[in-house]
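One structure is given below, encoded as structure tokens.
4 protein chains.
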Amino acid sequence: MIQAKIIELGKSDGKREAIVHAAVELFSEQTYEGTRMPEVAGRAHVAAGTIYHYFEGKEGLVNAVYQMAKLEMKEYLVDTMPGGLAAQEGFAWMWRRLWECATDHPAGFTFLETHHHADYLNATSRAVSEEFTLEMMEIFSRYAKAGELKPLAPETLISMSFGAFIGLWKSVAAGAIKDTEELRSASGEAAWAMIRA
Amino acid sequence: MIQAKIIELGKSDGKREAIVHAAVELFSEQTYEGTRMPEVAGRAHVAAGTIYHYFEGKEGLVNAVYQMAKLEMKEYLVDTMPGGLAAQEGFAWMWRRLWECATDHPAGFTFLETHHHADYLNATSRAVSEEFTLEMMEIFSRYAKAGELKPLAPETLISMSFGAFIGLWKSVAAGAIKDTEELRSASGEAAWAMIRA
Amino acid sequence: MIQAKIIELGKSDGKREAIVHAAVELFSEQTYEGTRMPEVAGRAHVAAGTIYHYFEGKEGLVNAVYQMAKLEMKEYLVDTMPGGLAAQEGFAWMWRRLWECATDHPAGFTFLETHHHADYLNATSRAVSEEFTLEMMEIFSRYAKAGELKPLAPETLISMSFGAFIGLWKSVAAGAIKDTEELRSASGEAAWAMIRA
Amino acid sequence: MIQAKIIELGKSDGKREAIVHAAVELFSEQTYEGTRMPEVAGRAHVAAGTIYHYFEGKEGLVNAVYQMAKLEMKEYLVDTMPGGLAAQEGFAWMWRRLWECATDHPAGFTFLETHHHADYLNATSRAVSEEFTLEMMEIFSRYAKAGELKPLAPETLISMSFGAFIGLWKSVAAGAIKDTEELRSASGEAAWAMIRA
DNA sequence: CATGAATGAGAATTCATTCAT
DNA sequence: AATGAATGAATTCTCATTCAT
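Chains as they are written, first to last, in our numbering: chain Z, -11 to 185; chain B, -11 to 185; chain R, -11 to 185; chain A, -11 to 185.
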């Protein structure tokens, strides 16, 4: 009964969802190549063959995973961004949202970091990625034009600040650093110090 | 002359080195799991079986690669560090050395970033990694005690500044940002702004 | 009818059995090490990979084969032994059963002779073997206590009489001696003459 | 100097000897197929390549081993047999010589048992084997004609009595039975009881 | 003659994918 | 749609043999 309801509700099938979910986890814990299809099936509580009803092989699955994770990230950082924020507030908001995104979807977040450049990503995946990058570029360019950022290419500032966050997040995820409210704001301020004019 | 001496010392006529060299390149271009042994053999101009004279299987090889790369990095950042530098100069020196290390050994540098957490790393590899981390901790702790750094855990500052460099380097390696002398110093100053008191 | 039941019980549509069957034959015709997995697969009319669904590698297979053959032999010689036979009748019965076992399962019988001491036999295989040996010891010890056997250790008498049978069987299997009813009883009487008091 | 003398003395080379010696041991402890050439080289204290100066590959080696072992056995049982013995004494003498042969050359003796039928034996090896068999046949036929043996084919009596010895020897070699003078004579008498008229 | 590093054909094994049920 | 046993191509690894030193 409950199962039936979940299926009827959004998120389509439940089974497809479960597969993608299992896959992000395994791809992020291990690697794409290091993860076996029956392993994915097992964690999704689904038969191996079932995956092939929903995805075009392993490559189809990893692309679905990638797009899902990237769109999720876009939702956190771009789609929900309040308009009209000045550079400092805008950056602080993004930093906070990065934390939230990484905390809410640790597997997806880690997966994206580890599987950028992969040659199994198809055109759609690359397009989704590209779109996100452009949106970020636009935001940083706006701040730069307003003279709020260091005189470095927006690309440089984005790479460095995202890099700083990822470095920090990796340590947190590894348990080397404890995630506290204090850390979230202090690290954001530090990152801002790196890029502000 | 020097070459002659090396040949006399190690038994190596360079075959072992050639294999490790081919392996770092391929592991960084692709992945550990995504790289096939004959591929490594081919790039090293060696028969497939030869790899097994020098390394205990693929796992033995990847550990040799990891240790080599990590020790290389340690040499750039720790072993050759001039004593007696104050925090700002010390950090600037390290930032420059990171660039040099990444430029001189791009494959090794990229490999380390992508293959941290891998479960095929053995005790020795983990020990080598640990030692490097401890050395960095010591340096940053010294700067922190001198009151030159932001009041955040050294681990946090290290993660963020290394993360910033890696983010930047990835963009450079991907061809999105051009590596200039200007960029090297400006980015270093920006990173310093992030961590200084 | 019986066949139908077996199919319902075990999951087996006989594939596992076919593999074991092919394996005993090949292992006895050649050797364990001298037999190639695809050869086993071929004779079992199964794909090479299928063997690995049922057995843990070649070693798993050879152990399954060993246990099967040993239990088969135990069934012929121990499990079906009528109670209450005096020494001479008991021995005659066993001798006859050895012939039947060797004739009905020539591959298994030969395999056991050739692959005793092998170091790929696991704990279970050794336990099965040990149990059979103990049962034989018990039987011979009983006969010895009744004063019907020569004053030699039961172990000695078992080794010699089984050895005599195996020597004979090898010649029969090689075609050097013809298996006749006459031979079966005469050889049994001869063997009895060797061990009787 | 000493080395030179040994080489001059019989047994040709010393190195060839060492290789054959190492090979019998390993082939009997393991199997022909289960033994690696470098392993043989190692135990013979010789380089792997050296084996190929003396033998035509692994197959050449195993044939040399087989012939050596078989001729050794022939020497013990046939060549040195005193003429003019009656059946019972002749058999007792052979039984004693079997013990001596097995004790003096355990590896060779075991090797022969385990590697009869092997398909890597060449014409020469088979000829040597055949010759031994014929000699034994002759001896047993003589005893049979004299009416001293049971009315069974000589082949049958040979197979059974040799089989009995081998069975016994295996238990002794495995440590399950202790080799004593008492056992040697009692077992010989038992075996004689099996075949005598 | 002796060596043993190097070779590469061939063996064991894995794993993405299919397909009868 | 769902299953999971079966497949066999692809992969790792072994080992008899060669050959430059």
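All C-beta atoms, glycine included, are put in the ideal place defined by N, C-alpha and C.
query	result
Are the C-beta atoms of His9 (chain R) and some chain A residue less than 9 Å apart?	no
Quick check: the Cα distance between Arg114 (chain A) and Leu59 (chain A), rounded to an integer number of angstroms?	12 Å
Is Gly22 (chain A) close to chain R? Criterion is C-beta to C-beta, closer than 9 Å.	yes
Compare the C-alpha of Phe128 (chain B) against each of B:Ser175, B:Phe43, B:Ala185 and B:Phe99 and name the closest.	B:Ala185
Taking Phe181 (chain B) as the reference, which of B:Leu65, B:Asp167, B:Lys158 and B:Ala80 has the closest Cα?	Checking the sequence shown, residue 181 (chain B) turns out to be Ala, not Phe. Residue B:Ala80 is the option with its Cα nearest to Ala181 (chain B).
Closer than 8 Å is the cut-off here; do at least three beta carbon pairs connect the stretch 150 to 157 of chain B with the stretch 143 to 153 of chain Z?	yes
Between Thr38 (chain R) and chain A, is any beta-carbon pair separated by less than 9 Å?	no
For a contact meaning CB atoms closer than 9 Å, what does Gly72 (chain R) contact in chain A?	Residues of chain A passing the Cβ test: none, with the nearest at roughly 26 Å.
Here's the rule I'm using: 16 or more other beta-carbon atoms within 10 Å means buried, otherwise exposed. How should Ala10 (chain R) be labelled?	buried
Less than 9 Å between CB atoms is the rule here; does Leu49 (chain R) satisfy it with respect to chain A?	no
Under 6 Å Cβ to Cβ from Ala152 (chain R), same chain only, skipping five residues before and after it: list those, please.	Ala179
Can the beta-carbon of Ala174 (chain R) be found less than 9 Å from the beta-carbon of Lys166 (chain A)?	no
So with CB distances below 9 Å, who are the chain R contacts of Lys158 (chain A)?	His104, His105, Ser147 and Gly151
Measure the C-alpha to C-alpha separation of Pro94 (chain A) and Glu17 (chain A) and round it to an integer number of angstroms.	10 Å
Let me know the secondary structure DSSP gives Arg24 (chain R) once reduced to three states.	coil
Which partner residues does Arg184 (chain R) have in the DSSP bridge list?	R:Leu137
Quick check: Phe120 (chain A) and Leu49 (chain A), are their CB atoms within less than 9 Å of each other?	no
When you compare the CB positions of Met56 (chain B) and Val8 (chain B), do they come within less than 9 Å of one another, or not?	yes
Out of A:Leu73, A:Ala162, A:Leu109 and A:His105, which one is the CA nearest neighbour of Ala164 (chain R)?	A:His105
Check Arg4 (chain Z) in the structure and name its three-state DSSP category.	helix
According to the neighbour-count rule (16 or more other Cβ atoms, all chains shown, within 10 Å of its Cβ), is Gly135 (chain B) buried or exposed?	exposed
Taking 6 Å as the limit between beta carbons, can you name the residues of its chain near Trp87 (chain A), skipping five residues before and five after?	Arg172
For Leu171 (chain Z), return the contacting residues in chain B, with the cut-off set at a CB-CB distance below 9 Å.	Leu140, Ala141 and Thr144
Closer than 8 Å by beta-carbon distance: list the chain Z residues that pair up with Phe175 (chain B), in chain order.	In the sequence on display, residue 175 (chain B) carries Ser and not Phe. In chain order: Leu140, Thr144 and Met148.
Over what stretch of residues does the alpha helix (DSSP H) that includes Gln18 (chain A) continue unbroken?	Element bounds for Gln18 (chain A): n/a, residue is neither H nor E.
Under 9 Å between C-beta atoms, does Ala95 (chain A) make it to chain R?	no
Cα-Cα, which of A:Lys3, A:Arg85 and A:Pro26 is closest to Leu14 (chain A)?	A:Pro26
Going by DSSP in three states, Gly71 (chain R) sits in which element: helix, strand or coil?	coil
Chain Z partners of Met25 (chain B), CB-CB under 7 Å?	Correct list: empty, because the minimum Cβ distance to chain Z is about 14 Å.
Confirm, please, whether the CB-CB distance from His103 (chain B) to Tyr42 (chain B) is below 9 Å.	no
Which residues in the same chain as Val160 (chain R) place their Cβ atom closer than 6 Å to its Cβ, once the five residues preceding and following it in sequence are excluded?	Asp167
Spatial neighbours of Val34 (chain B) within its chain, please: CB distance less than 7 Å, with the 5 preceding and 5 following residues excluded, ordered by chain position.	Lys3, Ala6 and Ile7
Among A:Ala36, A:Met69 and A:Tyr20, which one has its Cα closest to the Cα of Glu123 (chain A)?	A:Met69
Counting only C-beta atoms, is Gly155 (chain B) closer than 9 Å to chain Z at any point?	yes
Quick one: what does DSSP say Asn51 (chain A) is sitting in, helix, strand or coil?	helix
Anything in chain B within Cβ reach of Ile165 (chain Z), meaning under 8 Å, just list it in chain order.	Ala141, Glu143, Thr144 and Ser147
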